[in-house]
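Report on the structure given below.
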Amino acid sequence: RSYAQMDSSSAQATFASLASAMDEIHNRNASTLSFEELYRNAYNLVLHKHGGLLYEGVQDRLGAHLRRSGGRLVRLAREESAASGAMTPGSASAAGGYGGGGGG
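Read in this note's numbering, the sequence shown has 15 at position 7, and its numbers run on one by one without any break.
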């Protein structure tokens, strides 16, 4: 069986569909995805010598997701910390000065 080599634009389009699926998975909306199709797309990229595109694309996409998630966690922790400090105005002296009160 003869296979036609996948050109660069087809590889980019195939990866774009995988990237969109990764976003759906990260957003916990994977119920409509066909994991068989996603696997086939990834396999075809590697088969047609576009494994670097797949590897780097997944690395970039996952890194961006982790940075966004980490940023949200940091903001939530700061908000929670600020809210708990505002709710107990005398907590620093009641805890024996723990926390320093430096504000920063």
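Even glycine gets a Cβ: it sits at the ideal position worked out from N, Cα and C.
Between the region 24 to 38 and the region 56 to 71, can you find at least three pairs of beta-carbon atoms closer than 8 Å? yes
Can you give me the Cβ contacts of residue 23 inside the same chain, cut-off strictly under 7 Å, excluding the 5 residues immediately before and after it? 53, 61, 62 and 65
Where residue 40 falls: helix, strand or coil (DSSP): coil
Just mark residue 91 as buried or exposed, buried being the case when its beta carbon has 16 or more other beta carbons within 10 Å. exposed
Near residue 49, which residues of its chain fall below 7 Å by C-beta distance, leaving aside the five closest residues on each side in sequence? 22, 25 and 26
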